[in-house]
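Novice: Have a look at this one.
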Ligand code: PMP
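In our numbering, the protein residues as written are 51 to 431.
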């Protein structure tokens, strides 16, 4: 028998993907499930012609920073949309999804045993990715304020990760909070990793990226994704923005792990960038209204959640239940055919929460689902 590494043996499955895999299996057997666990919103983006893309390029490897024209397009978008200036030749790298971009950045900054501070609830992959990069996740319980973060910083700390807007709460960081975190990063000579995969889901210009304050990107590493903002998660395109040296170090890792993302899909996004956005932007506005309606409904029926105002996620308290979040979600799925994600996947302090996504089901179905969740909390309390 061959032997395994401790790192792979000890790694946890991504909780959200684990539950969604059960849903895919149930659906294949013909079971009707109310899906409130998927990490995406279904936008009706039409399929444009692949025949229009440059045939001499699309079948081949492309630049390992990403094709220059798409980098330039994203740089222009960042300046216009988020007031972040960036040099598209040196400060951005496009790769196969923001997930691998985050991992490669962690590999670029961590030596074995270095620490990374992240507050719970935190996106399921941060702690595991930190461990896969031989680092140590330092997880702050959900009920602390960001002004407590400094207490968790040690000489081994290399970075803080934030997710803005936040999966699973929908929280949007204020300018004061981002400024404070950048000051903390500068004071301790560490990085602020800002995962902004859902940036376009924040309405009314309230989204603030550290890149708009730390314009030199001395402490800032930004991750963004084509998955959520463009509604095409299956195409696996994401990118990282930082200073030239950081991007160069990530580039070396990218060249050995990925080479480049799918060339044809980069050209597709480049060619139809504005057309895709003309579909997704109005749908994001609709989704924002849907979020408000769901929040009001939860208040009416007495379901509580952590503060948040953007994205399609809610982190809902199940506190009266006697069940763990995994028991709760497994029973909800097998007895009521409703899928949500256990809070435990987002940190040890979050076992009395579940993550609900409103991105893929209709409002009336979601309301029915919420009623059943409320009943299920009472039934199991
Ligand atoms: N960050 C967050 C917070 C996410 O929710 C996700 C996807 N679920 C990602 C990053 C990764 O996105 P992708 O790899 O599709 O770009």
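A virtual CB, placed ideally from N, CA and C, is assigned to each residue, including glycine.
Here's the rule I'm using: 16 or more other beta-carbon atoms within 10 Å means buried, otherwise exposed. How should residue 419 be labelled?
Specialist: buried
Novice: By how many angstroms is the C-alpha of residue 240 removed from the C-alpha of residue 263?
Specialist: 16 Å
Novice: Helix, strand or coil: how does DSSP classify residue 279 here?
Specialist: helix
Novice: Can you name the start and end residues of the beta strand (DSSP E) that residue 208 belongs to?
Specialist: 207–213
Novice: Could you compute how far the alpha carbon of residue 353 sits from the alpha carbon of residue 193?
Specialist: 18 Å
Novice: Going along the chain, which residues put their C-beta within less than 6 Å of some heavy atom in the ligand PMP?
Specialist: 89, 147, 148, 149, 173, 213, 217, 245, 247, 275, 277, 283, 288
Novice: Could you check what DSSP says for residue 410 in three-state terms: helix, strand or coil?
Specialist: Residue state, collapsed to three classes: coil.
Novice: Drop a sphere of 10 angstroms on the beta-carbon of residue 350, count the other beta-carbons inside from all chains shown, and report buried for 16 or more, exposed for fewer.
Specialist: exposed
Novice: By how many angstroms is the C-alpha of residue 196 removed from the C-alpha of residue 260?
Specialist: 15 Å
Novice: What does the alpha-carbon distance come out to for the pair residue 51 and residue 338?
Specialist: 53 Å
Novice: Over what stretch of residues does the beta strand (DSSP E) that includes residue 368 continue unbroken?
Specialist: Membership of residue 368 in any beta strand (DSSP E) is not indicated, and neither H nor E is assigned to it by DSSP.
Novice: In terms of residues, what are the limits of the alpha helix (DSSP H) holding residue 246?
Specialist: Note, residue 246: premise wrong, no alpha helix (DSSP H); not H, not E.
Novice: List in chain order: all unbroken alpha helix (DSSP H) runs of 4+ residues lying wholly within the stretch 311–385.
Specialist: 313–351
Novice: From residue 308 to residue 300, what does the alpha carbon distance come to, in whole angstroms?
Specialist: 11 Å
Novice: In or out: residue 110 buried (at least 16 other Cβ within 10 Å) or exposed?
Specialist: exposed
Novice: Between residue 359 and residue 403, is the Cβ-Cβ spacing less than 8 Å?
Specialist: no
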